[in-house]
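Chemist: Heads up, the sequence shown is in this note's numbering, so the first residue is 1 and it goes up one at a time. Just passing along the structure, written as structure tokens.
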Amino acid sequence: MSALLAGVVLLLLSTPAWADEGERLFILKGCIGCHGVGAHGGAGPDLANTPLSVDQLRQQVRTPRGQMPPFPAANVTDDQLQKIHAYLKSLTAKRDKLTEPPKGEQTAASCVECHRKANPILVAQYQSSAMFKPGRQNPRIPPTTPEANSCAICHGTNHTEITHVKGRVSEKICAACHAEIYKEHVTDLGHSYGPGPANIGGNWDRNIKVPHYAQMPRKVMEMGCDPCHAQAGATDEPYWDPAKKQYVDLSSLQYRNGCIACHTRHRFDPAEARRAEACMTCHMGPDHPNWEAYSTSKHGAIYLTDGPKWDWSKSMAEASYNAPTCAYCHMVYVGKDGKRSVSHNMTKKIIWGMGIQPAVGQLEDITQTPENRTKRNEMIKVCLTCHSEVKARDYLEAADAHKLMGDALVVEARETLRGLYKDKIIEPRRRALSAGILPGPRYTAVEDVPGGTFWPAGLYYDVQPIEREYFDMFFFGNLKSYKGAFHMSPDYAWWYGYAEVTGHASRIRDEAERLRTEHRVAARTTFMLYTGPLMVLAVVGVIWAGRAVYLRRRK
């Protein structure tokens with residue numbers, strides 16, 4: 001009898017209706033974020049036509065192995081899991097495949113011959129690069145280093161392994177020739193502002209270890225945050241397992257190498273990285289509109305009109321530009337003798353970093369510390385290429401003041417939210433989970449809120465509207481204001497920036513007052529609901545007693 005019932009259940013589970021509903025749940029519950037479209041895998045394994053039974057799937061979902069977060073029944077019910085399982089079992093079609101890469105050991109000479117037919121642009125790029133040319137093109141590379149005029153130098157010759165690792169080239173492979181650059185860029189956290197808040201490390205850690213990262217769908221992060229944050233330190237241990245030959249961190253991004261973020265493969269051309277557009281891919285958008293601000297500044301206008309005529313083949317230590325580029329400001333250093341040098345450490349002149357100081361309650365002029373005075377002086381040495389010291393120093397100090405005035409508005413809004421948390425008008429325990437987002441902490445704008453986790457950078461989802469308003473204020477508006485000022489874009493400093501911050505401040509004040517009014521009305525209404533019947537009884541009692549006294553007196 002039990003076998004018959006099991007067969008009936010399996011028959012029901014195999015129906016198209018169950019599979020269709022399972023596909024919908026596969027997306028809604030966030031499974032697609034790790035396991036990809038068609039369940040073909042990503043950060044999680046390939047589950048198409050899974051051999052797992054319903055019970056095995058349930059066990060993995062409830063008490064998972066590895067880095068998968070648990071999904072309790074409150075998030076995915078047993079009934080929903082059965083439908084998801086039916087969907088996975090229905091996925092019998094294999095992915096389309098147009099090419100079949102070779103297997104096993106290949107000769108170094110065969111790489112170009114084969115890829116010229118399969119990927120002609122790739123080969124043309126590589127053959128135009130300095131790496132392909134015979135002899136030493138870069139005097140900083142030690143003479144004992146083998147020439148890199150073969151694909152096999154970086155990729156090896158075992159094509160089965162090359163295919164398995166998706167062509168991975170570790171940054172440490174680059175370091176074999178470019179040891180000084182690797183130290184500046186990766187080891188010294190030259191593109192990272194140093195260790196992050198909440199005990200987060202530098203480089204790649206500042207992406208995958210931020211508190212909200214684990215809740216986000218992995219494929220969404222692969223398209224968004226991961227490509228830019230993989231600019232340093234994402235290719236090796238502890239993120240790469242050399243035994244398994246795969247990445248073992250939370251990210252599903254397979255194609256990583258910080259070097260190619262600026263001088264793309266396979267030309268690896270320094271001239272490309274010297275141009276401002278090389279920075280544009282990552283340094284743009286509402287949280288860091290560096291490109292938008294720079295390109296609308298006078299510096300940017302000169303670059304865009306005159307730049308095509310400049311000699312980009314020269315090192316920035318020797319180049320002559322009519323206006324600075326991103327790389328020139330942040331990578332050029334001027335010695336006491338006036339000679340220029342270039343470093344891949346881009347943080348040694350930046351004082352304010354990302355600029356989120358007010359979100360952690362900091363409102364102070366940090367430019368006067370010995371370390372930051374040194375940084376400011378290093379930046380002004382670069383400005384002296386074109387400007388007088390007094391002009392450069394006055395402008396940067398005005399930009400400092402501009403930033404701190406925006407910070408003051410953020411700190412005021414932060415204290416407004418602190419009061420709402422304290423008076424339990426905003427209660428983190430009351431929340432809804434958006435479709436596709438994994439279970440995790442409820443974030444707050446200030447510290448020590450019962451039921452919440454202090455992480456203002458996570459206030460963009462599953463929060464109250466006033467908290468999202470605050471996020472937009474400090475993470476978008478105020479950062480646009482700050483970046484606009486330091487990149488010399490008047491409109492980004494003012495209308496897109498500070499003026500927008502004041503608008504958020506007004507809305508936060510009004511929304512806070514509305515919430516307090518609602519809270520008072522709700523409290524009075526609750527009081528009346530509880531005490532109203534008692535008051536009615538009291539009045540009736542008084543009337544009854546009065547009537548009794550009256551009747552006694554009449555007798």
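Where a beta carbon is used, it is the ideal one built from N, C-alpha and C, also for glycine.
1) According to the Cβ coordinates, are proline 69 and leucine 534 closer than 9 angstroms?
2) Do you know offhand how far aspartate 46's Cα is from arginine 256's?
3) What do you get for glutamate 518, buried or exposed, if any count of 16 or more other CB atoms within 10 angstroms of its CB means buried?
4) Can you list, in chain order, the residues of its chain with a C-beta nearer than 7 angstroms to that of valine 165? Leave out the 5 residues immediately preceding and following it.
5) Can you grab the Cα-Cα spacing for the pair cysteine 154 / alanine 399, in whole Å?
6) Does the Cβ of alanine 548 have 16 or more other Cβ atoms within 10 Å, making it buried, or fewer, making it exposed?
7) Please check the pair serine 252 and cysteine 34, which I expect to be a contact at CB under 8 angstroms, by giving their CB distance rounded to whole angstroms.
8) Could you check if glycine 44 belongs to the surroundings of the ligand NAP, using beta carbon to heavy atom distance under 8 angstroms?
9) On the criterion of 16 or more Cβ atoms from any shown chain inside 10 Å, does valine 449 qualify as buried, or is it exposed?
10) Unbroken beta strand (DSSP E) runs of length 3 or more, entirely within the segment 129–188: which are they?
11) Whose C-beta lies closer than 6 angstroms to the C-beta of alanine 86 among residues of the same chain, with five residues either side of it excluded?
12) Going by CA-CA distance only, name the one from Cys279, Asp365, Ala359 and Trp455 that's closest to glutamate 397.
13) With distances taken Cα to Cα, identify the nearest neighbour of valine 123 among Ile27, Ser343, Trp204 and Arg265.
14) From this set, Lys381, Asn290, Pro102 and His330, which residue's C-alpha is nearest histidine 487's C-alpha?
15) Can you name the start and end residues of the beta strand (DSSP E) that arginine 340 belongs to?
16) Looking at the strands, I want to know which residues DSSP matches up with phenylalanine 454.
17) Classify glutamine 59 as helix, strand or coil using the three-state DSSP reduction.
18) Can you tell me which residues form a DSSP beta bridge with glutamine 246?
19) Taking the alpha carbon of valine 463 as the point to measure from, which residue in Ala261, Arg431, Gly307 and Met280 has its own alpha carbon closest?
20) Check the DSSP bridge columns for valine 332 and list the partner residues they point to.
21) Which complete alpha helix (DSSP H) runs does the segment 65–141 hold, if anything under 4 residues is left out?
22) Once you ignore the five residues that flank proline 102 on each side, which residues in its own chain have a CB closer than 6 angstroms to its CB?
23) Leaving aside the five residues before and after tyrosine 461 along the sequence, list all residues of the same chain whose C-beta is less than 7 angstroms from its C-beta, in chain order.
Modeler: Inspection of the coordinates gives the following:
1) Judged by beta-carbon spacing, leucine 534 lies beyond the 9 angstroms limit of proline 69, meaning their Cβ atoms are not closer than that value.
2) It is roughly 21 angstroms from the alpha-carbon of aspartate 46 to the alpha-carbon of arginine 256.
3) Looking at its Cβ environment, which holds fewer than 16 other Cβ atoms inside 10 Å, glutamate 518 is exposed.
4) Once the five neighbours on either side are set aside, the close Cβ partners of valine 165 are Lys245.
5) Straight-line Cα distance between these residues: approximately 45 angstroms.
6) Exposed, since its Cβ has fewer than 16 Cβ neighbours within 10 Å.
7) Between serine 252 and cysteine 34 the beta-carbon gap is near 7 angstroms, inside 8 angstroms, which marks them as a contact.
8) With respect to the ligand NAP, the structure offers nothing, as it holds no ligand at all.
9) Label assigned to valine 449: buried.
10) The beta strand (DSSP E) runs lying completely inside the segment 129–188 and spanning 3 residues or more number zero.
11) Closer than 6 angstroms at the Cβ level, and outside the excluded window around alanine 86, lie Leu13, Trp18, Ala19 and Gly22.
12) Ranking the options by Cα distance to glutamate 397, first place goes to Asp365.
13) That would be Arg265, whose Cα lies nearest to the Cα of valine 123.
14) Closest option to histidine 487, Cα to Cα, is Asn290.
15) In the DSSP assignment, arginine 340 falls within the beta strand (DSSP E) that extends over 340–342.
16) Partner(s): Thr444.
17) Three-state result, glutamine 59: helix.
18) DSSP, once it has assigned bridges, lists Asp241 as partnering glutamine 246.
19) Nearest Cα to valine 463 within the set Ala261, Arg431, Gly307 and Met280: Arg431.
20) DSSP, once it has assigned bridges, lists Val342 as partnering valine 332.
21) Taking only runs of at least 4 residues, the alpha helix (DSSP H) segments lying wholly in the segment 65–141 are 78–90, 108–118 and 120–127.
22) Result list for proline 102: His159, in chain order.
23) Answer for tyrosine 461: Ser434 and Ile437, listed in chain order.
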